[in-house]
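Protein sequences appear in the order of chains A and B.
Residue numbering for the first sequence is 88 to 200, as defined by the working numbering.
Residue numbering for the second sequence is 105 to 216, as defined by the working numbering.
By construction, the Cβ of each residue, glycine as well, lies at the ideal position given by its N, Cα and C atoms.
Written below as structure tokens is the structure these notes are about.
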Amino acid sequence: MSEFIFVYRGDQSALSHEQATEYRQRWINWISKLGENGHLVDRGQPLLPTGKVVDGKRNIVTDGPYAETKDVVGGYSLIEAKDLDHAVEISAGCPVFEVAGLVEIRPVIKLGV
Amino acid sequence: MSEFIYLFRGGDSSGSPEQMQQQMQKWTDWAKDLGAGGHLRGGGPLEKDGKVVHGIQKSVTDGPYLEEKDFVGGYMLIEAGDLNEAADLSKGCPIFDSGGRVEIRPVLKINM
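Have a look at this one:
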């Protein structure tokens, strides 16, 4: 088995209050199911749509997340799968697709430290 | 204390084996410093490949999302007093040596 990061990118700002509540519940259900199926190493964290970007070489600090709204990283999870294709299959039920978002799937580099 | 994610973006990871080893050592030292200060909760580097599953059709494309100067090369989970402290703590990051950036994002606390 190998480890992969799922990076969730999607814009849920158009959802109504009720839709947002349902959407959040579908995320909780999906994450719970990943755990039950033994795919979840770390459920990861949802991120607030705020932040800062530090460009240290030029000594510039800007407010807000990096990238446009549709591309902003909204959260991540650490997943265990046989290989990259298996990780793609596991992503299929992710609620982010309902808001026309995407899941970026990236293999984790194993460190010996 | 609050939790933040560092997303490491861009930076040039190419170079001679000696340069890459030096760069790796800088990352290790920096991570140790963050750990010694009680700020590091987890994270790690990511391979440069991957796949992206898009939208309602769930179409699949190869490679990471965004081009090399913008894509996420690794992440860390950090504990800091506030966003400004998290930004200050990032300033020792070796990614700046090669022109990269650190995106700092507050974690949304949920109970599940």
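- Q132/A reaches chain B at E107, I109, L181, V211, L212, counting residues in chain order whose Cβ is nearer than 8 angstroms.
- Taking 8 angstroms as the CB threshold, F200/B lines the interface with chain A.
- In the DSSP assignment, R145/B falls within the unbroken beta strand (DSSP E) covering 144–149.
- A straight-line Cα-Cα distance of about 6 angstroms links K130/B and P198/B.
- Residues of the region 145–165 of chain B with a C-beta less than 7 angstroms from any C-beta of chain A: G148, P149, L150, E151, D153, G154, K155, V156, V157, H158, G159, I160, K162, V164, listed in chain order.
- For a Cβ distance threshold of 7 angstroms, residue set G138, V140, P152, Y153 of chain A lies close to E207/B, ordered along the chain.
- Excluding sequence positions up to five before and after G122/A, its CB lies within less than 8 angstroms of the CB of R130, all in the same chain and listed in chain order.
- Exclusion of the five residues before and after G204/B leaves F112, R113, G114, G115 as the residues of its chain whose Cβ lies within less than 7 angstroms of its Cβ.
- Judged by their CB atoms, T165/B and K155/B are nearer to each other than the 8 angstroms cut-off.
- If you look at Q132/A, you'll find it in the beta strand (DSSP E) that goes 127–133.
- For the 8 angstroms CB-CB criterion, V190/A and Y110/A do not form a contact.
- Its chain contains L144 as the residues whose beta carbon lies nearer than 6 angstroms to that of L138/B, once the 5 sequence neighbours on both sides are disregarded; these appear in chain order.
- Taking a contact as a CB-CB distance under 8 angstroms, the pair G138/A and I208/B counts as one, their CB atoms being some 5 angstroms apart.
- Using beta-carbon distances, P121/B does not count as an interface residue toward chain A, since no partner is under 8 angstroms.
- Taking all protein chains shown into account, P121/B has fewer than 16 neighbouring C-beta atoms within 10 Å of its C-beta and is therefore exposed.
- At least one CB of chain A lies nearer than 8 angstroms to the CB of A191/B.
- For S164/A, the uninterrupted beta strand (DSSP E) segment begins and ends at 160–168.
- Shown here, M88/A sits in coil according to DSSP, grouped into three states, outside any helix or strand.
- The beta carbon of L138/B does not come within 8 angstroms of any beta carbon belonging to chain A, so the residue lies off that interface.
- For K195/B, the C-beta contacts it makes with chain A under 8 angstroms involve V141, G143, in order along the chain.
- For the 8 angstroms CB-CB criterion, F108/B and I160/B do not form a contact.
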